[in-house]
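A.B. asks: Start counting the sequence shown at 70; every next residue gets the next number (the working numbering).
Where is the CB? At the ideal position from N, CA and C, for every residue including glycine.
Below is the structure I would like to discuss, written out as C-alpha cells.
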Amino acid sequence: MSDSNNSKTHWKTLINPDYIGAYALPDGEDLTVTIDYVQSEEVTGSGGKKEVCTVAHLKGHKPMILNVTNSKSVHKLYGPYIEDWAGKDITLYASTTKLAGEMVECLRIRPNVTARKKPKIEAARFAKAIEAVKGGTYPARKLSDQFDLTPEQRKELKEATKQKEEA
70 MSDSNNSKTH WKTLINPDYI GAYALPDGED LTVTIDYVQS EEVTGSGGKK
120 EVCTVAHLKG HKPMILNVTN SKSVHKLYGP YIEDWAGKDI TLYASTTKLA
170 GEMVECLRIR PNVTARKKPK IEAARFAKAI EAVKGGTYPA RKLSDQFDLT
220 PEQRKELKEA TKQKEEA
C-alpha cells in the first residue's frame, strides 16, 4: 500500500457513524457542501445516550450535528433562521477542541464559503468518457468543466475532440 493519504482508510469510516466527522474530509482538506435542510432530532451518542440536537442534512453527504459554535458560524453567513439555510453552501474544515480534558478532532465551518474543487476522474471512467466524446455522445467541454483533469488527460481530451471533428 502506498504512503499517500489517498490510499489509506481512517478507522472511523469503518464503524459507519450516522453523521459526518473530521475523518471524512479528504486529506484534511476543506469540503464545501450544500445544506438540504436543518431540524432538531434525537441523536443517539456512542454510549447509547440520547439527546436532542440540531442536525444539518447535507446534499450528497451524511448529516452534520450542529453544535453552538457551528450554528453561530452558519448564522453569521446566512442569518439566524434555519429555514433560510436550506440550499446554502458551507465550507467544512477539520480542527481540534478540548473535550473531557482531551484534544479531539472536530468539524468547523469556515467564515467564508470557498469554491468547490472539481473531483478527479478515475482512469476507467475517463476512458469511457473519451470514447463518448469521440462518438459525439458526450461534449468535451462538459468533461473538462466537471472534472479536474491531469495535463495528460487534457491532452488526450484535445486529441479526442480533434478526431471527432475530423470524422
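(1) Looking at the structure shown, is A163 part of a helix, part of a strand, or coil, going by DSSP?
(2) Secondary structure at R177, three-state DSSP: helix, strand or coil?
(3) Roughly how many whole angstroms lie between the Cα atoms of D87 and K131?
(4) When the Cβ atoms of the region 214-227 are set against those of the region 188-203, are three or more pairs found closer than 8 Å?
(5) Would you say L161 and L176 are within 7 Å of each other, going by their C-beta atoms?
(6) L240 to T206, Cα distance in whole Å?
(7) Less than 8 Å between C-beta atoms, sequence neighbours within five positions excluded: which residues of the same chain meet that for S258?
(8) Examine the Cβ distances between the region 128-143 and the region 190-200 and report whether three or more of them are shorter than 8 Å.
(9) Pull up the distance between the alpha-carbon of E234 and that of K128, whole angstroms please.
(10) Just the Cα atoms here: how many angstroms apart are K157 and I134?
(11) Note down the Cα distance separating I104 from P180, rounded to an integer number of angstroms.
(12) Would you check if the region 180-193 and the region 207-222 touch, i.e. whether three or more CB-CB distances between them fall below 8 Å?
(13) Does the distance from the C-beta atom of E111 to that of K119 stay below 7 Å?
(14) According to DSSP, is L94 helix, strand or coil?
(15) Checking 7 Å against the spacing of the C-beta atoms, do V107 and A93 come in under that value?
(16) For A236 and K211, what's the separation of their Cα atoms in angstroms?
(17) What is the DSSP secondary structure of I104, counted as helix, strand or coil?
C.D. replies: In terms of the structure at hand:
(1) Strand.
(2) strand
(3) 7 Å
(4) yes
(5) yes
(6) In the structure as shown, the chain begins at 70 and stops at 236. Residue 240 is therefore absent and cannot be evaluated.
(7) This structure leaves residue 258 out entirely; the chain is present only between 70 and 236.
(8) no
(9) 38 Å
(10) Cα to Cα, the separation comes out at about 16 Å.
(11) Each residue's Cα considered, the two are about 15 Å apart.
(12) yes
(13) Yes; because the gap between Cβ atoms is below 7 Å, this pair is in contact.
(14) coil
(15) In this structure, A93 does not lie closer than 7 Å to V107 by Cβ.
(16) 20 Å
(17) In the three-state reduction of the DSSP assignment, I104 falls in the strand class.
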